[in-house]
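Residue numbers (the working numbering), protein chains in the order written: chain Z, 1 to 295; chain B, 1001 to 1513; chain R, 2001 to 2340; chain S, 3001 to 3340.
Before any comments, here is the structure.
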Amino acid sequence: AQDEKIKIGVSIPAATHGFMGGLNWHAAEAEKRLEAAHPNIDLVIVTADGPEDQASDLEDLVSVQQIDALVVLPFESEPLTEPVRAVKDAGAFITVVDRGLTDPTIQDIYVSGNNTEMGVNSAEYIKSRLNEGDNIVILRGIPTVLDTERFDAFMGAMEGSGINVLDDEFANWNRDDGFEVMQDFLSRFPDIDAVWAQDDDITLGVVEAIKQAGRESEMFVVGGAGMKEIIKGVMDGDALVPVDVLYSPAQIATAMDVTVAHYTSNGPVTGTYILGAPLITQENAEEFYFPDSPF
Amino acid sequence: MSNAQGIAEQAVLSAHRISKSFGEIPVLFSIDFDIKPGEVHAIIGENGAGKSTLIKVLSGIEQPTSGTIHFDGKAVTLPPNGEAEAMGIVLIHQELNLAEHLTVSDSIFLGREIKKYGFLDLAEMRRRSAEVLDTLHVHVDPDARINTLSVADKQMVEIAKAISRDARVLIMDEPTAVLSVGETETLFEQIRRLTARGVAVIFISHKLDEIMDLADRVTVLRDGQLIATVSTEALTPDSIAQMMVGRELSNLYPPKHEPDVDAPVVLSVRGLQAPGVNEISFDLRRGEILGFAGLIGSGRTAVAEAVVGLTHKTAGEVSMNGKAADFSEVAKSVAAGLAYMTKDRKGRGLLLNMGLQPNLTLLTLKKHLKGGFLDQNSEAQALERAVRRFDIRARDASVRVGQLSGGNQQKLMLGKTMESEPDIIIMDEPTRGIDVGTKQQIYHIIAALAAEGKSIILISSEMQEVIGLSHRVLVMREGRLAGKLEGAEIVEAEIMRYAAGIKQGGDDERISA
Amino acid sequence: MSVSAHEGAKPARGLRIDFKTLGPLLALILLVILGYLLNPLFLGEGNITNILTRSAFIGIIAVGATFVITAGGIDLSVGSMAAFIAGVMIIVMNWAVGAMGASLWTVLFGIGCSLILGVGAGFINGFLTTKAKIEAFIVTLGTMGIYRSLVTYFADGGTLSLATGARDIYRPVYYDSFLRIPYPVWVFILVAIVGWVLMNRTAFGRYCMAIGSNEHVARYSAIKVDRVKTATYILQGLCVSLATIIYVPRLGSASAATGVLWELEAIAAVIIGGTMLKGGFGRVGGTVIGALILTAIGNILNLTEIISNYLNGAVQGVIIVAAVYLQRGSLRTGRKKAAE
Amino acid sequence: MSVSAHEGAKPARGLRIDFKTLGPLLALILLVILGYLLNPLFLGEGNITNILTRSAFIGIIAVGATFVITAGGIDLSVGSMAAFIAGVMIIVMNWAVGAMGASLWTVLFGIGCSLILGVGAGFINGFLTTKAKIEAFIVTLGTMGIYRSLVTYFADGGTLSLATGARDIYRPVYYDSFLRIPYPVWVFILVAIVGWVLMNRTAFGRYCMAIGSNEHVARYSAIKVDRVKTATYILQGLCVSLATIIYVPRLGSASAATGVLWELEAIAAVIIGGTMLKGGFGRVGGTVIGALILTAIGNILNLTEIISNYLNGAVQGVIIVAAVYLQRGSLRTGRKKAAE
Ligand SMILES: Nc1ncnc2c1ncn2[C@@H]1O[C@H](COP(=O)(O)OP(=O)(O)OP(=O)(O)O)[C@@H](O)[C@H]1O
Ligand SMILES: Nc1ncnc2c1ncn2[C@@H]1O[C@H](COP(=O)(O)OP(=O)(O)OP(=O)(O)O)[C@@H](O)[C@H]1O
Ligand SMILES: [Mg+2]
Ligand SMILES: [Mg+2]
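And the structure:
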């Protein structure tokens, strides 16, 4: 009976911070939904703590789970290119999510969030609200490729705007670090007009620090990802966090959907699906609000 | 005993005007000392007199503050950390100095392993270890780990280690403190064998009869000063003692008061079984000193530890004052007024890296609580009391216990045990490493305690001590009671006969083959 | 003779103790000067308050760790335990809000749960190390994984957030002050004082040192070794619980990312403070300073731009090693002086 | 008198040693059975090869850690050190490819650099602990931060990737086999054997145990304590370097995420294997089995879907504690039997 079933491996990073938690949740939900809808599909989700761990997971999916297809969100692009190629060579259908491999010919489907666009859209919004000579601070994530991509794109877009970037520090996609780094920015800089927090977990910490300092009216915060609490705030017209930039953890579900579709629909499914990183404002927030998601 | 033809003219190792201070505290004052090949030179002196310090200087472990050392007639600076062993100066430390996790054979060859093609020749080391151990009549497995050995066996391993090295000068700091007569005899045989080959031996002991027996010359230290170096023939035990302590030592043992045969039994042990203990039964009466004699490893310690709840007994009953007293942990036995003083002061008795005060009160800390908090004044008073009562000499009260002289550590441990004011005290080798003067004091304390109505179990490998103090003596052999002696029967020959298994029985029928 | 020697000894000991306490303090003072030179705002009241408040979490946990380490143990589970307790507190309080509406009782209920969980978690660590005789390192590595997983599971991989009603009541516990000193700092001060007294003025502290110094001697000295060791883990659990109680009102949430690496920071604080990792000797005062040093390093790095962000970890590492070297250095000189 | 006792003891001792070695092995066997029951493919050749190859990294590092821990030290920096060495190797090889084109020499050059860096990094840890007398925990916590930061810095927050030319030449070192056993496994086997011999059949191993057991005794036995301790850290560095040499061809890259928490895994492997964290007694064979146990647990978690991914850490924790309990349990029974 096993042989008739189509086995799809899903390899994602472990739920170590909010965004990845959301991603894990969406993956688990999609598994339940898809397995219920398609009895001949078996999805296997494995989570990794780092690139080498993920490479091991991929080996296991081939050798013991003997998967027919793989949906993978690589921890890092370059180190996982070869391991994914090995899965491909073992005959599996490959869907890559979010972080592209260095060799795009490996993948059959690419579902992309868009870190560059996320950085650019955040910068565009901040530019639209501020004037020359205004000051912003930046809280970054963990020093990794994806963080660097976002940051570089953001800085590129800010160039020539005349807005000063006072400083940037890593806040490790963590609320506590966001809180503490923002506290220190607040004691250091008497005039801050906006904060690019880049991630909604960090945003929550930043907001608390600003409230503690009583400087809510002075600045606004732009986060990213699309956490339900933040979207709710945007919907309700929160002045401190007026917008959010989508970088949805639901992209993993999309990727799983299209991969399953490859086996269940009549035509072959391949190609690239760019989800984009749209700006979420009070007007469109409703579309992005999923109150049941843990993220 | 003298070994006239073995003693060459020239000293192999000599020290001239050696002084040593630890920080600002002087310990040795301008000492002259020399040792010739084939000679046994004993160093004696009170606890804290500086004997151990002197031999540490002589072996390079400590560097003298001033003075010179000559080796083979040449002035040398001895290398530190036991590297002088390469020159043939081998030291047995007063305190056991073995790494607990190593095996016996590893320990014996530590630092000078035998190698074949660069790898350890384990078989050879094992073989040679077994050989040395055999000459010492020690029956421990060369592969046994040190932490499974008894204190006496550890001491024998240390001796084996030293003997197995190619020593020209062999320095032994109280090697016999934990040994009983038999082992001591074997050791002396080996020492005589070595001196016959021209090895020079420096020997420290508080047992004056051993000194008389073994040494050619004796050096007496007092308070860090050299009192005299004399040839043994010119001495009697009494005159040595007098030189050491600076006063006459008339009666080492206090007069025994008559045992009260009608006194109530305070501790009764029936059919005790535990690791190393086989079917032991005995009674202890109020005001009685009950001696436990036997060879090393005969199970005396094991009995004591099972009685106070340090080890699990597998069968048998213990009762105190007629009530069942099956202690599952030591705290309970201490609370019930039964205290055990271990013989392993370094491994079981004292926290070497702590000061005197916390060590003294550790067993009885609850007594020093005021409103739930530690009352340091009361602790300090306790220390003062103990220092007076047991004549604990620390040149500096801030020293860590590990820096105390061996005898003073022992006195501190005695003080610690007595702090719990027990009704019954089991003393395991209570005078281990204690000088004659203090020994006398301690004997008087023990006798006084008995006279006060306390009861004492005295475990000792020093036959004279057992004979001199005990009202009754139990002799153990291989975990069993081999004999029971009372009154005039308590003589050395009789004890030895039971201990060695030559004579069996006693008044207990259960003691059979 | 020995009485006079006894008296003569007193001042030397005093000197040594002085140096020992001065070590970490000296490092902290140098760090403060460095901070001030890099950015005078470092000594602003706001920043000082921030540092103190932040150091409270690690500090309180580290006070507990001082006992565990002094008694020869180690607890790697504290960070995960904090996350777990925070998570359960939030779940429980949210449930209470749903069932009875938000009130002071909700918060007290949460706090009660936290204390029970802390004691329970500590007991489990203690029980497994003493009764099941499994190495503390392994036991707490295990429970570390277990607690972290459980929070992730409870939070469905996401974040557990405290219901707004309870949040509003609870918030002041972190953000408000008494005599211009924030409550978390008060709790820290209290824990430090109680810890100091426990370590230096009670039989329990003495027992911890004795056990860490030589377990055999402790046992032969009628100390209930297993019980005391278990008590250190329970104390550690209690400290984690207290830290969590002041942590939760800060952001009102818990997730898999809560308390990551706190164990390392807590142990580092303890050891920077002069307690020995091998046990036998514990200094609560040093631990408090150790926690302040660690927090101050992080703060200083945020206050200056001269160092690439990527190198933060390196600077942190260098400062920690240098701080400990400094204090050990001064300690050694101190000892030498005392000895000469 | 004790002759009979002596003889009686012999078989008991044999029994005890058996049990000690059997402990971790037993746990591993039970784990393998569990894996097979969960999914028979667990014992497929491919999977076994995968487990062995993967365990090589942690295993090789853990063999080094066995020496450090046996001699009473600890090294927290190994994971970061691996990332750092991998990063520098890649930079150096890329530069060499640029300068002279890709050839076998490029790879050998990189390997040479790796070895030098490993030895150097180990020496620094050893020097700071022995000469500067800073606690090993603090020193290696510091260097851990420093190395991790440096990789991040070199990689500019991103990934360092090996140039394709060099990659192709280097790749077989991880992926190819000799006698159906992949090269990394060969390296692991070699390191394990050398480690075992070093620990059990050379004076160096004895010295490590003696130092870890009682530093004073070691010192009085004319053992150059500082030198031996430094040597253990250098050995550890060398092992990290070897592990890195087989790691780099696997993914051909290094980043801040490389080797995170390897230190914890390595120490866990050592302790699961029966070496004591306090030092004095080291078992290289046990360490190898410990590394296999850890890898097998990770693999088993991928075999089955019965457990929520969120609980992976919990399952891992439970299995580790249970494994150690099992081996200690059997050890105790063994001892009890020997005593009776
Ligand atoms: N490392 C040290 N630091 C400070 N004082 C020391 C040190 N070692 C020994 N002492 C002191 O030197 C004195 C002499 O000690 P030593 O050990 O030489 O005495 P001893 O004659 O061997 O006594 P015992 O018969 O009790 O063994 C003692 O007061 C002791 O406290
Ligand atoms: N827990 C134990 N398990 C197994 N054997 C034990 C245990 N405790 C003691 N023994 C053995 O019991 C015997 C008696 O040891 P014990 O230390 O009681 O002797 P002792 O008469 O006090 O002599 P010593 O002076 O050598 O200590 C020894 O052979 C010892 O190895
Ligand atoms: Mg499934
Ligand atoms: Mg002495």
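Glycine is no exception: its CB is placed at the ideal position from the N, C-alpha and C atoms.
- DSSP, reduced to helix, strand and coil, places residue 176 of chain Z within a helical segment of the structure shown.
- Restricting attention to alpha helix (DSSP H) runs no shorter than 4 residues, the segment 1258-1303 of chain B encloses none.
- Distances from the CA of residue 1039 of chain B to each of B:1017, B:1187, B:1119 and B:1216 were compared; the closest alpha carbon is that of B:1216.
- If you draw a 10 Å sphere on the C-beta of residue 1093 of chain B, you find 16 or more other C-beta atoms in it, and that means buried.
- Inside the segment 191-269 of chain Z, DSSP marks whole beta strand (DSSP E) runs of 3 or more residues at positions 194-196 and 220-222, from first to last along the chain.
- For residue 3061 of chain S, the enclosing alpha helix (DSSP H) begins and ends at 3045-3070.
- Here the segment 3188-3196 of chain S makes no contact with the segment 3122-3130 of chain S; the two share fewer than three CB pairs at distances below 8 Å.
- Considering only beta carbons, the part of the segment 33-58 of chain Z lying closer than 8 Å to chain S consists of 44, 45, 46, 47, 49, 50, 51, 52, 53, 55, 56 and 57, in chain order.
- Residue 3260 of chain S carries a coil assignment under DSSP once its states are collapsed to helix, strand and coil.
- In this structure, residue 1048 of chain B has its beta carbon less than 7 Å from a heavy atom of ligand 1.
- Look at residue 3268 of chain S: its C-beta is under 8 Å from a C-beta on chain R.
- Contact between residue 2181 of chain R and residue 2071 of chain R is ruled out by a C-beta separation of about 32 Å, above the 8 Å threshold.
- Taking all protein chains in view, the Cβ of residue 1352 of chain B is crowded by 16 or more other Cβ atoms within 10 Å, so the residue is classified as buried.
- Within the same chain, Cβ atoms closer than 6 Å to the Cβ of residue 110 of chain Z are found at 96 and 272, the five residues on either side in sequence being excluded.
- DSSP places residue 1253 of chain B in the coil class of the three-state scheme, outside both helix and strand.
- Listed by position along chain B, the residues whose Cβ is nearer than 9 Å to that of residue 2280 of chain R are 1351, 1353 and 1354.
- The C-alpha of residue 3184 of chain S is placed about 23 Å away from the C-alpha of residue 3035 of chain S.
- The C-alpha of residue 43 of chain Z lies about 9 Å from the C-alpha of residue 28 of chain Z.
- Boundaries of the alpha helix (DSSP H) around residue 3174 of chain S: 3172-3175.
- For residue 2101 of chain R, the number of other beta carbons within 10 angstroms of its own is below 16, and it is reported as exposed.
- By the C-beta density criterion, residue 2256 of chain R is buried, having at least 16 other C-beta atoms within 10 angstroms.
- Excluding five sequence positions before and after residue 3165 of chain S, the CB atoms of its chain that fall closer than 6 Å to its own CB belong to 3097 and 3102, given in chain order.
- At least 8 Å separates the CB of residue 2296 of chain R from every CB of chain S.
- Look at residue 1373 of chain B: its C-beta is under 8 Å from a C-beta on chain R.
- Residue pairing for residue 1222 of chain B: DSSP places it in a beta bridge opposite B:1225.
- B:1165 is the residue among B:1134, B:1236, B:1260 and B:1165 whose C-alpha sits nearest the C-alpha of residue 1114 of chain B.
- Legend: CB atoms of the segment 3063-3077 of chain S lying less than 8 Å from CB atoms of chain Z are not found in any residue.
- Using a Cβ-Cβ cut-off of 8 Å, residue 1098 of chain B counts as an interface residue toward chain S, since at least one Cβ of chain S sits closer than that to its own.
- Under the three-state reduction of DSSP output, residue 1316 of chain B falls in the strand class.
- For residue 2193 of chain R, the secondary structure class from DSSP, reduced to helix, strand or coil, is helix.
- Under DSSP, residue 1475 of chain B shares a beta bridge with B:1293 and B:1483.
- The C-beta of residue 1278 of chain B comes no closer than 8 Å to any C-beta of chain S.
- Neighbours of residue 1111 of chain B across chain S, judged by C-beta separation under 7 Å: 3221, 3222 and 3223.
- In the DSSP assignment, residue 42 of chain Z forms a beta bridge with Z:7.
- According to the DSSP assignment, residue 169 of chain Z belongs to the beta strand (DSSP E) that extends over 164-170.
- For residue 25 of chain Z, at least one C-beta of chain R is nearer than 8 Å to its own C-beta.
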